Amino acid sequence: MGSLRWRALLAAFVIFLALIHVLPSIPSVRNSSLGALLPSDEIGLGLDLKGGIHLTLGVDLDAALGNAITSIGQDLRLEAREKKIPVLRPRLLDSRRLEFTLLKQEQKTELDALLAARFGSMEIISTEDGGNGQLRYVLGATPEYVKYLQDLTMDQALKTIRNRIDQFGVAEPDIRKQQGNRIIVQLPGLDDPKRAINIIGRTAHLEFKLVDDAADVQAAVAGTVPAESELAYLQDKRGASEVKTPIVLKSEVVLTGEYITDANVQFDSYGQAYVGMNFNARGARIFEEVTGANIKKRLAIVLDGTVHSAPVIQDRIGGGRASITGQFTTEEAHDLAVVLRAGSLPAPVNILEERSVGPSLGQESIDKGMMAALIGGLMVVVFMSIYYRRAGLIAAFEIILDICLILAGLVAFGATLTLPGIAGIILTLGMAVDANVLIYERIREELRHGESVAAAINNGFSRATQTIVDSNVTTIIAAVILYQFGTGPVRGFAVTLTLGILASMFTAIFVSRIFFDSWLARRQPGTQPSI
Amino acid sequence: MSFEIIKRDTNIDFVGMRKYAYVLSAVLLLTGFLSLLVKGGPQYGIDFAGGFNVQVKFSQSVELDKIRMALDSPALTGLVVQDFGDAGDHEVLLRASFSEQTANQVREAVNTGLESAFPGVTHEIQRLEMVGPKVGADLREKALEAIFYAVLLIATYISGRFEQKWMVAGLMAAGLASVVYVLDFLNAPTSLSVIVATVAALVLCVVLRLKYALGAIVALIHDVMIPLGLFSLLNKDVDLTIIAALLTIVGYSLNDTIIIYDRIRENIRAKVSPSLDVVINKSVNQTMSRTLITAGTTFVAVFSLYVFGGGVIHDFALTMLVGVVAGTYSSVFVGAPILAFFKPRIDVDEHPAPATA
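Keeping their order, the protein sequence lines are chains A and B.
Heads up, the first sequence is in UniProt numbering, so the first residue is 1 and it goes up one at a time.
Heads up, the second sequence is in UniProt numbering, so the first residue is 1 and it goes up one at a time.
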């Protein structure tokens, strides 16, 4: 009988552990004096129950690679020029290949040496005679460099997005790198998806460029843009309508957003919000030089290709401060400050998938799921207790215990409960009795064959156990595969299904046996089990 | 004495009825298959096809036709408007299987369209899902892979567990994996790989005489095809949650099949009868109470989910309901009788020389 006592103690301990994990999730318990003694972990709800936003972002790695190779081209031209090797027109062929022309063919050996020494990230794909003693080079990024740059871009993008979300102030965001170029962002409880997307998806590439006042704007719009200049549009909001005025800018970037140390919302004397920025020492010095050298000229502030303002430089500006004005609402200015502080994304980001659920729908789903579980569970419990009488009551008790164990398991593993997860629990309600049914039917059969009560119970349990294990392994295989391949809610379903099967095996095989054995120990000779 | 669904001496001739069962199954499968063929495959939801779903709740009931007219804008081309959830909820589902719009543009277009068309009625976008075509295609591949690996692993497990043919089962798994690898190498579409691999699995089971695995796989294909066919007939979308439901059915149906197989194996060992037909019948009858009770309780639980669980989970619950019925039926009428297919060699297989024990 010692073994019975130990098994009962073990079962009681497991139930105790389960209760400790489950009780804090019930609000009235959590707020009571008992709640203070319990661990603080609650059941995490999935986005479909809590409400919130799920985004899959695709980072444009080709664009990042293209940018990097373009700047390699510029560096190459500068370094070659310093070594008196004139190189012309570095140009991006596609995101991985760079083309340029060497003016004097006889300098090929010198250039090749320079390329090998200073530009190991590129390899020569081909060189061909460009006529007039020129040589046309095509360089391609090495696979190692492509890989390195892609990893770097992903890490930077991840970090930037994380920074932005942190500053935006979302509780428990989940930001994760997925295979390939994808990033998954989950923002529970957030109910303004539009604003979140504007913050997360914005490249926030800030540039300062001088305005080319000598250029003819009309001609530029018609298609004739002067060399080393480019056409852009000045965005101006007047009330609800946006006006876009064409403007010609010098192509050279005098300063970028990478020198920004801080950005915040400020208000001018009319109460209009604008964004003030501080530069770091290097940025401040560049800004001072540029403004000092270009007094009375206009300096354009370009954010993601759109010119926000182009004020005339009145004087040399020291102290490393600048501002972006543009009839912002306070909210817009705040969001812009957030993205500027967090830095720009290393590459454009596309939203490949968005799922948002309002908080009211989440609550409704929980209510309906609970209702379905309650009614379904009740019907199963009633049936079991009528059909198997006292043994049925044991099964009914175990169903309740199963649900406790599943919920405790979710808390313990930090898994989230999702709507399909609730469905998984309800399905388990039906399937959980299967193990009990197998055992009970087997005991009935053994009794019918004229076995003694003790032998029938013993055989019933031992024979059914093997069947139970065999049959449940397949469901667990299906669940594991669901977990492996599924996302979000489907994973939640796989977890609850697995927990449900494990819980029902534990209760039916282990806990039931305790009830039957203790009944056997106490029974009067000749009595039949109530099954 | 206690209640009993099945009288203890019941002896239904399931093996004898298998011809009728095969006809019934064939009719069901063929109907679904024809529907799939006519419609060019399953009708994929946005998870797999890309597009958007918007669930909108109105403060009072609104005519669907008026919504359709209100939302007739270029941003929402190809929009399907349908009732959703319970009647008192005033909810509609707007969906389109293709969209070049971003989620924000869709949201904006829906909001402005509804605001101007229904001035006195407030509305709330409760749920918005937008899946790009690339993600959709990836999810589709993943789902197919999931089903394939489930079948592969389960077939291996059953062959190993029931016939102690772990080696043979391992060989089969390796064979299937290489088939898929080659197809993958040739850039074959995943759907083709899955079909080829499934057929290969069936052929391998027959060639290697893995009869339990064969029965289980046939039952499994049966149980997945029936809900798929039904969905096609009802013009319902197949999405991620439906795949989850199908995989659960796979687990449930096998669970059922294996319990009967377990009993057949036990009865063969106990030499209940030299005739396999008798053994199969006896085993199915012996496990009949359990089959009906478990199927019943599971059905009741899932039915409760179907009725009370709300619109979002409705199709998931429907799939499970159909699957539970199909799974129970197939274990009894398809999975068990198919073992009789290997009749001539059964005695040789099941009574190995005792020296090996």
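Glycine included, C-beta positions come from ideal geometry on N, C-alpha and C.
These numbers were taken from a predicted model, which means no experiment stands behind them.
Would you call the region 101-115 of chain B and the region 323-338 of chain B in contact, with 3 or more CB pairs under 8 Å?
Counting Cβ pairs under 8 Å, fewer than three are found: no touch.
Using beta carbons (cut-off 8 Å, strictly below), is Ile338/B in contact with chain A?
Residue numbering aside, residue 338/B sits at position 338 when the second sequence is read from its first letter. Answer no: the Cβ-Cβ gap between Ile338/B and chain A never drops below 8 Å.
Which of helix, strand or coil DSSP assigns to Phe84/B:
Counting from one through the second sequence, the residue named residue 84/B turns up at place 84. Three-state DSSP puts Phe84/B in a strand.
Could you check what DSSP says for Asn187/B in three-state terms: helix, strand or coil?
For this step, residue 187/B is matched to residue 187 along the second sequence. Note: Asn187/B maps to coil in three-state DSSP.
Starting from the beta carbon of Thr527/A, find every residue of chain B whose beta carbon is closer than 7 Å, and list them in chain order.
Here the question's residue 527/A lines up with position 527 in the first sequence. Within chain B, no C-beta atom comes less than 7 Å from the C-beta of Thr527/A; the nearest is roughly 14 Å away.
Take Glu364/A and list the residues in its own chain whose beta-carbon comes closer than 6 Å to its own, dropping the five residues that flank it on each side.
Here residue 364/A is taken as the residue at index 364 of the first sequence, counted from 1. Counting only Cβ-Cβ distances below 6 Å, and skipping sequence neighbours, we find nothing.
For Arg118/A, three-class secondary structure by DSSP
Translated into the one-based positions of the first sequence, residue 118/A becomes position 118. Here Arg118/A sits in helix by DSSP.
Sequence-distant residues of its chain with Cβ nearer than 6 Å to Ala21/B (five each side left out)
Residue 21/B sits at position 21 when you count from the first residue of the second sequence. The answer, listed in chain order, is Phe333.
Within chain B, the residues that Val490/A reaches when beta carbons sit closer than 8 Å
Here residue 490/A refers to the residue found at position 490 when the first sequence is read from its first residue. Contacts between Val490/A and chain B, judged by CB atoms closer than 8 Å, involve Leu240, Thr241, Ile243 and Ala244 in chain order.
Consult DSSP for Ile242/B and reduce its assignment to one of helix, strand or coil.
Start at 1 with the first residue of the second sequence, and residue 242/B comes out as number 242. Residue state, collapsed to three classes: helix.
Buried or exposed (CB count within 10 angstroms, at least 16 for buried), Asp213/A
Here residue 213/A is taken as the residue at index 213 of the first sequence, counted from 1. Its Cβ having fewer than 16 others within 10 Å, Asp213/A is exposed.
Check the Cβ-Cβ distances between Ile268/B and every residue of chain A, and say whether any is below 8 Å.
Along the second sequence, one-based indexing puts residue 268/B at 268. Ile268/B has a beta carbon lying at 8 Å or more from every beta carbon in chain A.
Per DSSP, Ala273/A forms a beta bridge with which residues?
The residue given as residue 273/A occupies position 273 in the first sequence. Listed as beta-bridge partners of Ala273/A by DSSP are Phe267/A and Phe328/A.
Please classify His21/A: is it buried, with 16 or more other beta-carbons within 10 angstroms of its beta-carbon, or exposed?
For the purposes of this step, residue 21/A is identified with residue 21 of the first sequence, where counting begins at 1. His21/A comes out buried.
Taking only three categories from DSSP, how would you classify Lys250/A?
Reading the first sequence from its first residue, position 250 is the one you call residue 250/A. Of the three classes helix, strand and coil, the one that applies to Lys250/A here is strand, per DSSP.
By Cβ distance, which residues of its chain are closer than 6 Å to Gln105/A, with the 5 residues on each side in sequence left out?
Against the first sequence, residue 105/A aligns to sequence position 105. So the list reads Gly133 and Leu135, once near-sequence residues are dropped.
Who are the Cβ neighbours of Leu230/B in its own chain at under 7 Å, not counting the five residues just before and after it?
Here residue 230/B corresponds to residue number 230 of the second sequence, with the count starting at 1. Contacts found: Gly32 and Val322.
Tell me which residue opens and which closes the alpha helix (DSSP H) that Glu445/A is part of.
Along the first sequence, read from residue 1 onward, the residue named residue 445/A stands at position 445. For Glu445/A, the uninterrupted alpha helix (DSSP H) segment begins and ends at Leu419 to Arg448.
Counting contacts by CB-CB distance shorter than 8 Å, is Arg164/A in contact with chain B?
The residue given as residue 164/A occupies position 164 in the first sequence. So, not an interface residue.
Going by alpha carbons, who is nearest to Gly201/A out of Val339/A, Ile124/A, Ile468/A and Arg355/A?
Residue numbering aside, residue 201/A sits at position 201 when the first sequence is read from its first letter. Taking the Cα of Gly201/A as reference, the smallest distance to any Cα among Val339/A, Ile124/A, Ile468/A and Arg355/A is reached at Val339/A.
At what residues does the beta strand (DSSP E) containing His54/A begin and finish?
The residue you call residue 54/A lines up with position 54 of the first sequence. Per DSSP, His54/A belongs to the beta strand (DSSP E) from Gly52 to Val59.
Pick from His222/B, Ile221/B, Gln82/B and Ala340/B that is closest to Val62/B, judged by C-alpha positions
Here residue 62/B refers to the residue found at position 62 of the second sequence. Distances from the alpha-carbon of Val62/B to those of His222/B, Ile221/B, Gln82/B and Ala340/B put Gln82/B closest.
Tell whether a beta-carbon distance below 8 Å holds between Tyr259/A and Gln266/A.
Reading the first sequence from its first residue, position 259 is the one you call residue 259/A. Reading the first sequence from its first residue, position 266 is the one you call residue 266/A. Taking 8 Å as the Cβ cut-off, Tyr259/A and Gln266/A do not qualify as a contacting pair.
Does Leu76/B come within less than 8 Å of chain A when only Cβ atoms are used?
Reading the second sequence from its first residue, position 76 is the one you call residue 76/B. For Leu76/B, the answer is no, since every Cβ of chain A falls outside 8 Å of its Cβ.
Buried or exposed, going by whether 16 or more other CB atoms sit within 10 Å of the CB of Pro525/A?
As a position in the first sequence, residue 525/A is number 525, starting the count at 1. With fewer than 16 Cβ atoms within 10 Å of its Cβ, Pro525/A is classed as exposed.
Chain B partners of Arg355/A, CB-CB under 7 Å?
Locating residue 355/A in the first sequence gives position 355, counting from the first residue. What Arg355/A touches in chain B: Glu129.
Bridge-paired residues (DSSP) for Asp94/A:
By 1-based counting over the first sequence, the position of residue 94/A is 94. Paired residues: Arg97/A.
Can we say the region 442-453 of chain A touches the region 212-223 of chain B, given the rule of at least three CB pairs closer than 8 Å?
Short answer: they don't touch.
To the nearest angstrom, report how far apart Ile386/A and Gly392/A are at their CA atoms.
Here residue 386/A refers to the residue found at position 386 when the first sequence is read from its first residue. Here residue 392/A refers to the residue found at position 392 when the first sequence is read from its first residue. One C-alpha to the other measures close to 7 Å.
Ignore the nearest five residues each way along the sequence and tell me which others in Gly35/A's own chain have a CB closer than 7 Å to its CB.
Position 35 of the first sequence, counted from the start, is the residue given in the question as residue 35/A. Leaving aside the five residues that flank Gly35/A on each side, the residues in its chain whose CB is nearer than 7 Å to its CB run, in chain order, Pro24 and Val29.
Beta carbon proximity, Thr112/B to chain A, threshold 8 Å
To locate residue 112/B, count along the second sequence from 1; it is residue 112. No, Thr112/B does not count as interfacial toward chain A.
Could you tell me the boundaries of the alpha helix (DSSP H) in which Gln218/A lies?
Locating residue 218/A in the first sequence gives position 218, where the first residue counts as 1. Counting along the chain, the alpha helix (DSSP H) containing Gln218/A begins and ends at Val217 to Ala222.
Taking the C-alpha atoms as reference points, what is the distance between Arg81/A and Gln156/A?
Taking the first sequence and counting its residues from 1, one reaches residue 81/A at position 81. Taking the first sequence and counting its residues from 1, one reaches residue 156/A at position 156. About 32 Å.
Anyone know if the C-beta pair for Phe383/A and Thr248/B falls short of 8 Å?
Taking the first sequence and counting its residues from 1, one reaches residue 383/A at position 383. Taking the second sequence and counting its residues from 1, one reaches residue 248/B at position 248. No, they are not a contact pair.
What residues in its chain sit with their C-beta under 7 Å from that of Glu288/A, if we drop five residues either side in the sequence?
Position 288 of the first sequence, counted from the first residue, corresponds to residue 288/A. If we look at Glu288/A and ignore the five residues flanking it on each side, its Cβ neighbours are Arg316, Ile317 and Gly318.
Report the three-state DSSP secondary structure of Arg316/A (helix, strand or coil).
By 1-based counting over the first sequence, the position of residue 316/A is 316. Reduced to three states, the DSSP call for Arg316/A is coil.
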